[in-house]
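A quick write-up on the structure given underneath.
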Amino acid sequence: MTKDTDKAISPLLREDWSYVEHSALEQLSAQEWQTLLPQRAAYYRQEQARQALRLLAASEHDATFGYRVNNYQHCLQAATLALRDGLSEEDVVVCLFHDVGFITCPDSHGEFAAALLGNYVSERNHWMLQRHALFQDVHSPNHPYADPKARDRWLGHPHFEWAATFVERYDQAAIDPNYDSAPLSHFEPMVMRLFAKPPRPMPLP
Ligand SMILES: [Fe+2]
Ligand SMILES: [Fe+2]
Numbered sequence: 177m178t179k180d181t182d183k184a185i186s187p188l189l190r191e192d193w194s195y196v197e198h199s200a201l202e203q204l205s206a207q208e209w210q211t212l213l214p215q216r217a218a219y220y221r222q223e224q225a226r227q228a229l230r231l232l233a234a235s236e237h238d239a240t241f242g243y244r245v246n247n248y249q250h251c252l253q254a255a256t257l258a259l260r261d262g263l264s265e266e267d268v269v270v271c272l273f274h275d276v277g278f279i280t281c282p283d284s285h286g287e288f289a290a291a292l293l294g295n296y297v298s299e300r301n302h303w304m305l306q307r308h309a310l311f312q313d314v315h316s317p318n319h320p321y322a323d324p325k326a327r328d329r330w331l332g333h334p335h336f337e338w339a340a341t342f343v344e345r346y347d348q349a350a351i352d353p354n355y356d357s358a359p360l361s362h363f364e365p366m367v368m369r370l371f372a373k374p375p376r377p378m379p380l381p
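For the sequence shown, our numbering assigns the number 177 to the initial residue and increments by one for each residue that follows.
In structure tokens, the structure reads:
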């Protein structure tokens, strides 16, 4: 391990940490891994929530394609509606991040949010996030391509009602420019607490 101070090298999160010496994984020694893995675990505990919040915050001032609020405001509004309805902290954070990938990967933005939060939320919310876009179709009766029966394939599933409720109350109606949403800073402690939970192992797809 080295204490390299080269300006081209990224800074370490903590001053008492060490860099690995090599630049390819296959070259790392067992001792380097012994040092690296605890640093990595501590890094994740400190940075995961903060970087997730930055993902969302990056879109704060973005333009909209036609809704009267941008995607950032939609996410804040969804979370605020859930908060004021007295939903659990987990549900509020799920609402906050449900569309964080809506612009960058529109066709799979539900899976994006499910992957982001999956280790820290219940199966109920993971399932809902993955499918919420299809549950939205029933709320767009005049959309030329939406299939109002898209969600019916999951009728009877234990998480169907939550997905339907989420979309009806906290998603499809959360594009009101006159709604008084709480600022992102209001949700930050909730996000920090969620990501501080022991991670739930995610099965491979
Ligand atoms: Fe969505
Ligand atoms: Fe949404």
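Each residue gets a CB set at the ideal place from its N, CA and C atoms; glycine is no exception.
- Those residues whose C-beta sits under 7 Å from the nearest heavy atom of ligand 1 are, from N- to C-terminal order along the chain, His274, Asp275, Phe278, His285, Gly286, His308, Ala309, Gln312 and Asp347.
- With a contact defined as Cβ atoms closer than 8 Å, Pro353 and Val245 qualify at about 5 Å.
- For Glu287, the CB contacts under 7 Å within the same chain, skipping 5 residues up- and downstream, are Gln306 in chain order.
- Rounded to the nearest angstrom, the gap between the Cα atoms of Trp303 and Val196 is 39 Å.
- Tyr195 sits in a strand when the DSSP states are folded into three classes.
- The beta carbon of Ala322 lies closer than 7 Å to those of Asp313 and Ser316 in the same chain, with the five residues before and after it left out.
- According to the DSSP assignment, Met368 belongs to the alpha helix (DSSP H) that extends over Leu360 to Phe371.
- A residue is called buried once 16 or more other Cβ atoms fall within 10 Å of its Cβ, and Leu310 is buried on that count.
- Val297 sits away from Phe363, with the two beta carbons spaced by 8 Å or more.
- Scanning its chain for C-beta atoms nearer than 6 Å, with the 5 sequence neighbours on each side dropped, one finds around Ser235 the residues Asn247 and Tyr248, in chain order.
- Relative to Ser361, the option among Val270, Ala233 and Glu337 whose CA is nearest is Ala233.
- By the 16-neighbour rule on beta-carbons within 10 angstroms, Gly277 is buried.
- One thing to note: Ala218 has its Cβ no nearer than 8 Å to the Cβ of Met368.
- With a beta-carbon spacing of about 7 Å, Ala358 and Leu252 fall inside the 8 Å limit used to define contacts.
- Per the C-alpha coordinates, the member of Val343, Arg329 and Leu204 positioned closest to His308 is Val343.
- Here the alpha carbon of His198 sits roughly 50 Å from the alpha carbon of Phe336.
- Restricting attention to Arg376, Ile351 and Pro334, the CA atom closest to the CA of Gly242 is found in Ile351.
- Between Cys281 and Ala254, the gap from beta carbon to beta carbon reaches 8 Å or more.
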